[in-house]
Structure formats: C-alpha cells, structure tokens
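*Asks:*
2 protein chains.
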Amino acid sequence: MYAPITAHLYPVILAGGVGSRLWPRSRKSTPKQFLDLLGDGRSMLQHAYDRVEPLVSPSQMLVITNAEYVSDVAAQLPDLPAENIIAEPVARGSAAAIGLAAIHLARRDPDAIMAVLTADHLMRRPETLRQVLVAAAELAQRGELVTLGIRPSHPETGYGYIEMGETLGVFNHMPAQRVNRFLEKPDLATAQAFVDAGNYAWNSGMFIWRVDTILAEFEQQMPPLHHTLQGLRPALGTDAEADAFAQFWMPLTDHSTIDYGVMEGAKSVAVFPADLGWDDIGSWAALLAILEKNTDGNAAQARHVQVDSRNNLIFSAERLIAAVGLEDMIIVDTPDAVLVMPAERAQDVKKVISQLREQGLAHYLD
Amino acid sequence: MYAPITAHLYPVILAGGVGSRLWPRSRKSTPKQFLDLLGDGRSMLQHAYDRVEPLVSPSQMLVITNAEYVSDVAAQLPDLPAENIIAEPVARGSAAAIGLAAIHLARRDPDAIMAVLTADHLMRRPETLRQVLVAAAELAQRGELVTLGIRPSHPETGYGYIEMGETLGVFNHMPAQRVNRFLEKPDLATAQAFVDAGNYAWNSGMFIWRVDTILAEFEQQMPPLHHTLQGLRPALGTDAEADAFAQFWMPLTDHSTIDYGVMEGAKSVAVFPADLGWDDIGSWAALLAILEKNTDGNAAQARHVQVDSRNNLIFSAERLIAAVGLEDMIIVDTPDAVLVMPAERAQDVKKVISQLREQGLAHYLD
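Going line by line, the protein sequences match chains P and H.
Its first residue numbered 1, the first sequence is counted upward by one per residue in our numbering.
Its first residue numbered 1, the second sequence is counted upward by one per residue in our numbering.
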C-alpha cells in the first residue's frame with residue numbers, strides 16, 4: 001500500500017500582496033488578504049487556509065509573505081507552525097517568492113509537490129479545489145507544470161488567459177488538458193473571441209508542480225533567480241540566513257511574475273479547467289457583485305440606515321453610515337479616510353491612489 | 001438733540017434651535033447655529049452677532065437659548081455680557097422665548113425696542129439689515145408690530161408668506177407696508193401665484209417691536225403665556241428665579257410660535273420687504289447652493305481628493321474624503337456618522353432621523 005499523494009503535497013499560500021484596488025480598507029499595513037471582506041469573521045487568508053486544511057496537516061502548509069506581515073499571518077493562522085511562515089525581506093516578484101518556498105520544501109522532502117495558492121481570492125466550491133489539487137498532484141508527480149484554469153463566465157479583460165489544447169487524461173475524476181500558450185490580458189473583442197471559442201480559461205495564478213521540476217525550470221529559464229536560490233539554500237535556517245538574503249536576495253533585479261518568467265516559456269504545461277466558484281475580488285464592484293444583500297437590498301458591513309437605497313456596498317468598521325437615494329454605490333469608511341463612488345467607477349480607485357501620492361498624502365495608503 | 005433710536009434698540013438673537021436638517025453635523029449637542037457652515041471661521045451665531053454689532057453696544061444684545069447651550073454661547077460670543085444670555089430651562093416655543101426676553105428687557109428699559117433675530121440664517125447684506133432695523137425701530141416706536149419680509153426669488157414651499165397691503169411710509173430710506181395676512185407654507189401652485197402677484201414676501205422670522213407692545217399682545221392673545229411671564233417677572237435675577245421657572249415656565253402647555261400665537265391675530269402689523277441676501281440654509285442642498293466652489297468645482301470643507309467629481313458638498317472635520325465620479329452629491333463626515341445622498345434628496349434627512357429614532361439609534365442625534 002502506497003502513501004496517498006497528499007503525504008507529499010505542500011500548499012504554499014502566497015500572501016505578500018498589497019491589494020491597493022480595495023483602498024481605503026486594504027492598506028500597506030493591512031492588505032486585502034488579512035481583511036474579512038465577506039463579513040463572516042474570517043479573513044481572505046484564513047479562507048485560503050481553511051480550503052486546504054482538510055487535505056493536509058498544518059505542518060505541510062506554507063505561507064510566504066513580506067517580513068512585515070509575518071506577525072499578522074501568525075496571529076490569523078494560529079495552527080500554522082511558525083517555521084512554515086516564509087518571510088521575504090522585500091518582494092522580488094512571484095517567481096522569486098515561489099523559488100524561496102521551493103528551496104524550503106526541497107530541504108524537507110525531496111519528493112515534495114508544491115501547490116501555489118492565492119491568499120486573496122474567493123472560492124465558493126472549496127471541495128472542488130481539494131479534488132483538483134489531488135488530481136493536479138498526480139499529474140505533477142510525472143514532472144508536468146500544472147496550472148488551474150477558470151472557465152470564463154464573461155469576456156473579462158482584467159485577467160490573463162490560457163489556450164487549452166489536447167486532453168491529457170483524467171486524474172481523480174478531473175480532466176486535464178495541454179496548455180498551448182499563456183496570453184496576456186486581452187482587449188474586449190479578443191476576450192469575447194476566447195469565450196466564444198470555448199478552449200480558453202482564465203489564468204487563476206494557482207500552480208502545482210514537483211519542487212525539483214520548478215527548480216529545474218528556474219535553472220533553465222531564470223538563471224539570475226537560480227543563482228539567488230542556490231546562494232540562499234545552504235543558509236536557510238542557519239545563522240547565515242540574514243547575510244545570505246543580503247547577498248543573494250536583495251540584489252535580484254529580475255522581479256518577474258511566475259507567468260512571465262516560467263510558464264510562458266515552459267514546454268510541458270498542463271491545465272485543469274475547474275469550476276471553483278472563483279472570484280479574485282479585484283475591485284469594490286466585484287465584491288459588491290458577490291456579496292449577499294441584506295434584507296434592505298444593500299451589501300452592508302456597517303451600522304447603517306438607508307432611505308430608498310439599494311444595491312450599495314456599505315463598509316464601515318465603526319461609524320454609522322446614512323444612505324439616502326443611492327443605488328449601485330460604494331461607500332467605504334475607515335478610521336482616516338472615506339471613499340464614495342459609483343460601482344461602475346471602481347477601477348478608478350487607482351486614480352485616487354495616484355492623486356494621494358502626487359498630493360503628498362501617501363500616508364493614507366500605509 | 002434726541003438720542004438715536006438705537007439707544008433703545010435691543011437685538012434679541014434666538015439661538016435655541018436644534019437644526020436637525022443639517023444632521024449629522026448639526027446635533028443636539030452642537031446645533032446649526034454653533035457651526036461654522038460657511039468655512040470662514042465664524043459660526044452662524046457669531047455671524048448673527050457680527051451683523052448687528054456695529055449698531056448697538058454688546059450690553060444691548062441678548063441671546064436666548066436653551067440652558068444647555070449657555071456655555072457655548074458664552075464661548076462663541078466673548079464680548080457679550082454673561083447676564084445677556086437668557087436661558088430657557090426647556091423650550092416652550094418661540095412666543096415664550098420672545099416673552100422671556102421681553103420681560104428681561106422691560107426691567108432694564110421701559111422704552112426698549114426689541115429686534116428678534118435668527119441665529120442660523122445667512123445674510124449676505126448685513127448693512128441692509130442694519131438699515132432696515134433702524135427703519136423698523138422707528139416704526140415700532142409708534143406701537144406697530146414690525147416684521148422683516150424677504151422678497152421671494154422663487155416659489156419656495158418651505159416658508160410662510162406675508163401678503164403685503166398699503167404703503168405706510170418710508171423710514172430710514174426703507175418703505176414699509178401694511179401686513180394684510182400671514183400665510184402658512186403654500187403648495188407649489190399657490191407659491192407660484194404669490195411670486196407672480198408681487199405683493200408677497202417670505203416670512204423671515206425677524207420682528208421688531210416695543211417691549212410694551214408685544215407684552216400687551218401676549219396679554220390679549222396668549223393669556224397662559226401672559227400668566228407665565230407675570231409670574232416670572234418679579235423673580236428674574238433673584239434667588240426665586242429657579243422656583244419661578246418651575247412654577248410658571250415648566251407647566252406652560254401652549255408652545256406656540258410667535259407667528260401662530262401673535263402675528264396671525266394681531267391688528268396692526270407692518271412689514272419691511274428687504275433684500276438682505278437672506279438664506280435660511282434649511283438643508284445641505286441649500287448650503288451647497290450658496291457655498292463658493294473650490295478650484296476643483298466642489299464645495300469642500302474637508303481634506304479630499306476627487307476624480308471626475310464636481311458640484312458636491314464635501315464636509316469632513318477629520319477624515320480624508322475620496323470622491324470618484326460624483327456630481328451634485330452631499331457627503332458629510334462626522335466622528336460617529338457619515339451621510340451620503342444626492343443633493344436633491346436633502347429633505348429626506350428627516351427620514352434618516354426618523355429611522356434613527358425607530359431603530360434605537362437616537363444617540364446619533366445627540
């Protein structure tokens with residue numbers, strides 16, 4: 001009898017983002033992944049943990065984050081062993097973050113399969129995620145780079161796409177397909193063509209591969225990162241770790257994403273198109289769209305009163321919000337800043353952030 | 001040579017209102033008259049004082065207010081003698097407030113002419129107010145009840161109207177007219193008819209009369225109030241004052257306005273229609289309409305950033321407000337509550353207040 005594949009499966013939750021599109025709630029000091037956006041008492045990071053917690057022991061779970069968030073991660077995930085929180089002194093892109101997790105895992109288990117997961121996305125069907133992770137681990141075992149694709153519900157221009165080719169087989173009752181290519185964020189016509197064609201999936205940013213497979217890819221496709229990882233590897237967990245980060249991590253100038261640095265150039269990539277009930281909650285409007293409405297027709301996480309107001313997102317930790325005659329509006333109240341805008345303008349939060357920087361008000365982003 | 005009529009002129013500023021239409025800035029603890037709504041560093045009460053201060057000595061000025069606001073009045077008007085702040089233990093309507101001021105003045109000057117002024121209205125032409133107050137005092141000297149009328153700029157349904165009759169003469173270069181009758185708030189068609197007719201003025205709530213004239217009117221038209229005032233009068237300024245208030249003021253059940261209690265039934269009433277640049281700032285929309293706009297097109301008393309937003313009223317004492325894609329909106333931020341509504345819904349603040357009461361949240365009104 002063989003051990004189940006999950007014995008070697010290590011979920012690695014990437015939790016280093018800053019989530020500026022959800023300003024003013026999401027801040028440098030408390031980014032999106034640490035917020036309870038759904039109003040259910042669990043942060044996005046806690047949900048990411050909860051989703052895979054039935055699959056593996058906490059000792060197999062890694063969270064990789066910026067050094068300044070280590071205490072937040074530890075506080076939010078009390079069952080996670082402290083040594084499983086991997087700190088980046090500074091962010092160097094998702095490829096480097098994944099590389100750092102990979103060398104940690106390589107020390108622990110030469111047969112480790114890592115599942116790179118996101119900390120700030122919604123998944124309404126966590127059981128499907130667990131099923132596809134096992135399926136993907138089986139395929140990854142064979143040396144494939146495996147990615148999870150999301151079947152597109154609409155011609156979204158804010159995501160990258162994956163063109164899917166031939167069927168590779170069925171694993172744990174889930175069909176896998178060859179990835180023909182990764183595509184950058186398309187324009188609307190192109191996105192519509194992708195949706196119509198049927199063989200495209202959204203790139204979810206979730207990946208499953210053997211640690212030795214991805215390290216070999218870094219060696220081949222990203223030599224500077226390979227050099228960094230080789231320098232760091234012997235120093236991990238020793239007194240020399242800080243010096244090694246100073247010597248090898250800090251000077252790394254290639255801050256590529258894993259998509260650009262590895263996936264787009266890799267030869268043997270597979271995808272499981274999966275129906276995860278996935279949403280990246282990439283804006284306040286996206287959150288408004290997914291949140292259940294109160295009996296008064298508004299998505300409110302706030303003490304509030306309303307007159308003739310419906311389908312508004314009303315967020316406030318402390319203050320009472322009074323809404324009169326509002327529809328499809330976003331109101332986000334925080335201790336030092338209040339954002340008010342129509343939901344359809346949600347992408348313009350980035351313009352607010354630019355203005356804050358230009359006007360010397362960048363401390364409102366902290 | 002006679003003393004100028006202003007030697008006997010006593011401005012009485014009514015400052016007991018609660019100004020709930022400007023919630024959440026205007027509160028029971030800090031009503032409208034104590035707020036710097038214009039952003040010029042002076043409260044509405046201070047502006048009311050400033051307008052008549054060139055006309056009379058501070059010792060001739062009275063402010064009548066609720067007992068709980070006496071310290072606010074004293075703090076905002078440091079030149080006003082403490083004994084000139086008249087405290088009502090509880091509000092009993094404007095007729096009673098005016099009666100209380102009248103018996104105070106009767107003790108000081110048997111020839112006193114009182115000018116009842118509002119504490120929470122805007123007047124852009126204070127020099128015209130001073131001119132008409134002198135004119136009105138001359139006419140009041142003769143025993144007339146004199147009121148100041150505002151020439152209507154539009155068919156406002158939120159004000160009472162005065163129908164003006166024959167011309168009584170010119171006083172201090174200002175023409176006075178007989179008042180035919182006072183009219184309650186009209187519907188729109190009626191208001192339009194008033195504006196078209198040309199001989200109607202808005203009732204400003206400002207009145208000028210001899211103290212003995214108004215006390216005689218109370219005796220004739222409001223016997224219960226007369227009884228109260230007769231009971232209080234000998235006790236004013238003595239140790240018996242508190243008892244007298246308990247005995248005569250507290251039980252007063254007729255809480256009439258001066259309009260209903262006296263003016264509508266009085267026989268000899270005159271009006272000076274005056275162009276005072278008057279506005280009652282009766283709503284957030286009214287304030288938005290009168291405030292100068294910033295260079296970015298918004299009326300903002302707040303640290304704020306905006307994207308594609310104009311003609312909004314943005315009020316915030318502390319927090320930064322970020323407005324995206326907003327037009328003709330009201331945003332009022334206070335330490336414990338935030339109001340957001342289109343300007344055209346400004347009258348519905350009263351519905352918010354009703355809801356707060358119904359939902360056990362009345363402390364947001366305090």
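Quick reminder that beta carbons are idealized off the backbone N, C-alpha and C, glycines included.
Specify, as a first and last residue, the run of the beta strand (DSSP E) that Y200(H) falls within.
*Replies:* Start and end: Y200 to R210.
*Asks:* Can you pull the chain H neighbours of K28(P), defined as C-beta to C-beta under 9 angstroms?
*Replies:* Those within 9 angstroms of K28(P) in chain H number zero; the least Cβ separation is about 16 angstroms.
*Asks:* Assuming W249(P) contacts L232(P) (C-beta within less than 8 angstroms), just tell me the rounded distance between them.
*Replies:* Rounded, the Cβ-Cβ distance is 6 angstroms, consistent with contact.
*Asks:* Is the beta carbon of P175(H) sitting closer than 9 angstroms to the one on T167(H)?
*Replies:* Result yes, Cβ atoms of P175(H) and T167(H) sit closer than 9 angstroms.
*Asks:* Just to confirm the assignment, what range does the beta strand (DSSP E) spanning A270(H) have?
*Replies:* Unbroken beta strand (DSSP E) run through A270(H): V269 to A274.
*Asks:* Interface residues of chain P around Y364(H) at Cβ under 7 angstroms?
*Replies:* The answer, in chain order, is L320.
*Asks:* By how many angstroms is the C-alpha of L100(P) removed from the C-alpha of E83(P)?
*Replies:* Distance between the alpha carbons of E83(P) and L100(P) is about 13 angstroms.
*Asks:* Under the three-state reduction of DSSP, which class applies to L397(P): helix, strand or coil?
*Replies:* Residue 397(P) falls outside the range modelled here, since chain P spans only 1 to 366, and no answer is possible.
*Asks:* For the beta strand (DSSP E) that A176(H) lies in, which residues bound it at each end?
*Replies:* Note, A176(H): beta strand (DSSP E), M174 to L183.
*Asks:* Quick one: is Q301(H) near chain P, going by C-beta distance under 9 angstroms?
*Replies:* Output row for Q301(H): interface = no.
*Asks:* What's the C-alpha gap between L35(H) and S256(H)?
*Replies:* In a straight line, the C-alpha of L35(H) is about 27 angstroms away from that of S256(H).
*Asks:* Q341(H) versus chain P: which residues are under 9 angstroms apart at the beta carbon?
*Replies:* As written in the sequence, residue 341(H) is Met, which differs from the Gln given in the question. Those are V307, S309, A322, A323, V324, G325 and L326, listed as they occur along chain P.
*Asks:* By the three-class DSSP mapping on this structure, what secondary structure does Q304(P) have?
*Replies:* Checking the sequence, you will find His at residue 304(P) rather than Gln. In this structure, H304(P) counts as strand in the three-state DSSP scheme.
*Asks:* If we ignore side chains and look at the alpha-carbon of each, how far apart do N298(P) and R151(H) end up?
*Replies:* Approximately 44 angstroms, taken between the alpha carbons.
*Asks:* Which residues in chain P have a C-beta closer than 8 angstroms to the C-beta of R345(H)? List them in chain order.
*Replies:* Simply V307, D308, V324 and G325.
*Asks:* Are the CB atoms of E88(P) and A67(P) within a distance shorter than 9 angstroms?
*Replies:* In contact: A67(P) and E88(P) (Cβ atoms closer than 9 angstroms).
*Asks:* Measuring alpha carbon to alpha carbon, tell me which residue in P58(H), A337(H), A235(H) and A302(H) is nearest I367(H).
*Replies:* Any answer about residue 367(H) is impossible in this case: the structure gives chain H only from 1 up to 366.
*Asks:* Please list the terminal residues of the continuous alpha helix (DSSP H) segment that includes L77(P).
*Replies:* Element bounds for L77(P): n/a, residue is neither H nor E.
*Asks:* Consult DSSP for A7(H) and reduce its assignment to one of helix, strand or coil.
*Replies:* Looking at A7(H) - three-state DSSP - the assignment turns out to be helix.
*Asks:* Strictly under 9 angstroms for the Cβ-Cβ distance: is V349(H) near chain P by that measure?
*Replies:* Yes, because at least one Cβ of chain P sits closer than 9 angstroms to the Cβ of V349(H).
*Asks:* Terminal residues of the continuous beta strand (DSSP E) containing D367(P)?
*Replies:* In this structure chain P extends from 1 to 366, so residue 367(P) is not present and cannot be described.
*Asks:* Measuring straight from C-alpha to C-alpha, what distance separates N172(P) and P11(P)?
*Replies:* Taking the straight line joining both Cα atoms gives about 18 angstroms.
*Asks:* In three-state terms, what does DSSP make of E144(H)?
*Replies:* Coil, per DSSP.
*Asks:* Just how far apart, CA to CA, sit I98(P) and M44(P)?
*Replies:* In a straight line, the C-alpha of I98(P) is about 20 angstroms away from that of M44(P).
*Asks:* Measure the alpha-carbon distance for D279(H) versus L80(H) and round it to whole angstroms.
*Replies:* If I take the Cα positions, the gap works out to 25 angstroms.
*Asks:* Based on Cα-Cα distance, which residue from V73(H), V116(H) and P110(H) lies nearest to L148(H)?
*Replies:* It is V116(H) whose Cα lies nearest to the Cα of L148(H).
*Asks:* State the beta-bridge partners of P342(P) as determined by DSSP.
*Replies:* M329(P), per the DSSP bridge assignment.
*Asks:* Can you tell me the Cβ-Cβ gap for I330(H) and A343(H), rounded? I've got them flagged as a contact below 8 angstroms.
*Replies:* With 8 angstroms as the limit, I330(H) and A343(H) qualify as a contact, their Cβ atoms being about 6 angstroms apart.
*Asks:* Going by Cα to Cα distance, which pick from H8(P), A15(P) and P126(P) is closest to D275(P)?
*Replies:* Measuring from the Cα of D275(P), the nearest candidate turns out to be P126(P).
*Asks:* Which residues in chain P have a C-beta closer than 7 angstroms to the C-beta of D336(H)? List them in chain order.
*Replies:* What D336(H) touches in chain P: R319 and L320.
*Asks:* Buried or exposed: G205(H), going by 16 or more other Cβ atoms within 10 Å of its Cβ?
*Replies:* Looking at its Cβ environment, which holds 16 or more other Cβ atoms inside 10 Å, G205(H) is buried.
*Asks:* If V56(P) sits next to L22(P), beta carbons under 8 angstroms apart, how far is it from one beta carbon to the other, in whole angstroms?
*Replies:* With 8 angstroms as the limit, V56(P) and L22(P) do not qualify as a contact, their Cβ atoms being about 29 angstroms apart.
*Asks:* Could you list which residues in chain P have their beta carbon closer than 8 angstroms to that of L361(H), in chain order?
*Replies:* Simply R303, V305 and L320.
*Asks:* So G325(P) and V307(P) are supposed to be a Cβ contact under 8 angstroms. How far apart are they, rounded?
*Replies:* G325(P) to V307(P), Cβ: 7 angstroms. Contact.
*Asks:* Pick from A362(P), W284(P), V262(P) and L288(P): whose alpha carbon is nearest that of H304(H)?
*Replies:* It is A362(P).
*Asks:* Going along the chain, which residues of its own chain have a beta-carbon closer than 8 angstroms to the beta-carbon of V352(P), five neighbours each way excluded?
*Replies:* Excluding sequence neighbours, V352(P) sits near W23 and L339.
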